[in-house]
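Written below as structure tokens is the structure these notes are about.
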Amino acid sequence: MLAVINAFSPAVSEVNLQNCLAHSVAVTHASCKHAPLFLLETSPGVAEVTFVEKEPAERHAIISWEQKNSCILPEDLKNFYLMTDGFQMTWSVKTDDTPMPLGSMVINSVSKLCRLGGSPMYTLPNAPTLADLEDDTDEEDKPEKPHFDSRSLIFELDPCNGNGKVCLVYKHAKPETEIWFLDRALYWHFLTKTFTAYYRLLITHLGLPQWQYAFTSYGVSPQAKVGQQDPVHISQKPRGRL
Numbered sequence: 001m002l003a004v005i006n007a008f009s010p011a012v013s014e015v016n017l018q019n020c021l022a023h024s025v026a027v028t029h030a031s032c033k034h035a036p037l038f039l040l041e042t043s044p045g046v047a048e049v050t051f052v053e054k055e056p057a058e059r060h061a062i063i064s065w066e067q068k069n070s071c072i073l074p075e076d077l078k079n080f081y082l083m084t085d086g087f088q089m090t091w092s093v094k095t096d097d098t099p100m101p102l103g104s105m106v107i108n109s110v111s112k113l114c115r116l117g118g119s120p121m122y123t124l125p126n127a128p129t130l131a132d133l134e135d136d137t138d139e140e141d142k143p144e145k146p147h148f149d150s151r152s153l154i155f156e157l158d159p160c161n162g163n164g165k166v167c168l169v170y171k172h173a174k175p176e177t178e179i180w181f182l183d184r185a186l187y188w189h190f191l192t193k194t195f196t197a198y199y200r201l202l203i204t205h206l207g208l209p210q211w212q213y214a215f216t217s218y219g220v221s222p223q224a225k226v227g228q229q230d231p232v233h234i235s236q237k238p239r240g241r242l
């Protein structure tokens, strides 16, 4: 991933990135846009960075959400919403002087933090629910997967442009929440234990297409890799699965 960032701008070094990510702890509780804006606006290959300003969520809206869903938002996510009711930033790269949309970073607002599962996927009689379709087997030596039945409460944090969903997960037997990625085949992939840690990942990957698939066993698709590399003329191979 650092190779992608370095391709945008030689000035954005690994040290600069780590300094920016260290600052992102404060970003979650102060100004959520500064860290990604720093990385993007200082990169000459990037064009049209668009940040959607959002007002802080009303405290009563958060309380109403918690009462409606019978669960308490984790403290770091609650503090985030009290600073900004969601997050949306997009950016493009220059190809032959024509901007091409590439990156998209989204965190749903409180009102769009909707529960997944339970209701039928289709409006037909006896239509299957997500719980009927999910893979119910757990793998050894890996975190217990979320479930679309009474064992878990699952809420959508990011629709991932239709490439899956990043979810806030409450497990029935545990008081802590976790952040998981649900791919389009309805397989679960663990991302982080906290929202703050997930926010750091979001900043690190800058909303590149399908970046969440780097945390799956099959990785980012070849098409997404081409979309990430060709427009910015990356000359060195990125580290890791990206």
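The numbers in the UniProt record's numbering rise by one with no breaks, and the one at position 79 of the sequence shown is 79. Don't be surprised by glycine CBs; every beta carbon is placed ideally from N, CA and C.
- Rounded to whole angstroms, the gap between the alpha carbons of W180 and E144 is 11 angstroms.
- Taking each of E75, V169, K165 in turn and checking the Cα distance to I154, the smallest one comes out for V169.
- Per DSSP, reduced to three states, the secondary structure at F148 is coil, with no helix or strand assignment.
- Looking at the DSSP output, H189 shares a beta bridge with F181.
- Judged by beta-carbon spacing, I107 lies beyond the 8 angstroms limit of L39, meaning their Cβ atoms are not closer than that value.
- Per DSSP, the continuous alpha helix (DSSP H) segment holding Q67 begins and ends at 59–69.
- If the five residues before and after P36 are omitted, its C-beta is found closer than 7 angstroms to the C-beta atoms of M89, M105, I203, L206, all from its own chain and listed in chain order.
- In the three-state reduction of the DSSP assignment, P36 falls in the helix class.
- The beta carbons of L116 and F148 sit closer together than 8 angstroms.
- A distance of 8 angstroms or more separates the beta carbons of L82 and P44.
- Annotation for I203: no beta strand (DSSP E) segment contains it, though the alpha helix (DSSP H) segment containing it runs 195–205.
- Nearest to L113 by C-alpha distance, out of T196, Y199, K68, S221, is K68.
- The beta carbon of T177 is closer than 7 angstroms to those of P74, L168, V169, Y170 in its chain, skipping five residues each way along the sequence.
- Here T194 is near D76, since their CB atoms are less than 8 angstroms apart.
- Here Y81 carries a helix assignment [DSSP, helix/strand/coil].
- Contact between V49 and E41 holds, since their C-beta atoms are separated by about 6 angstroms, short of 8 angstroms.
- Per DSSP, G219 lies in no beta strand (DSSP E) segment and is marked neither H nor E.
- In this model, G164 and R184 are separated by some 5 angstroms (Cα to Cα).
- Straight through space, the alpha carbons of S152 and H172 are spaced by roughly 5 angstroms.
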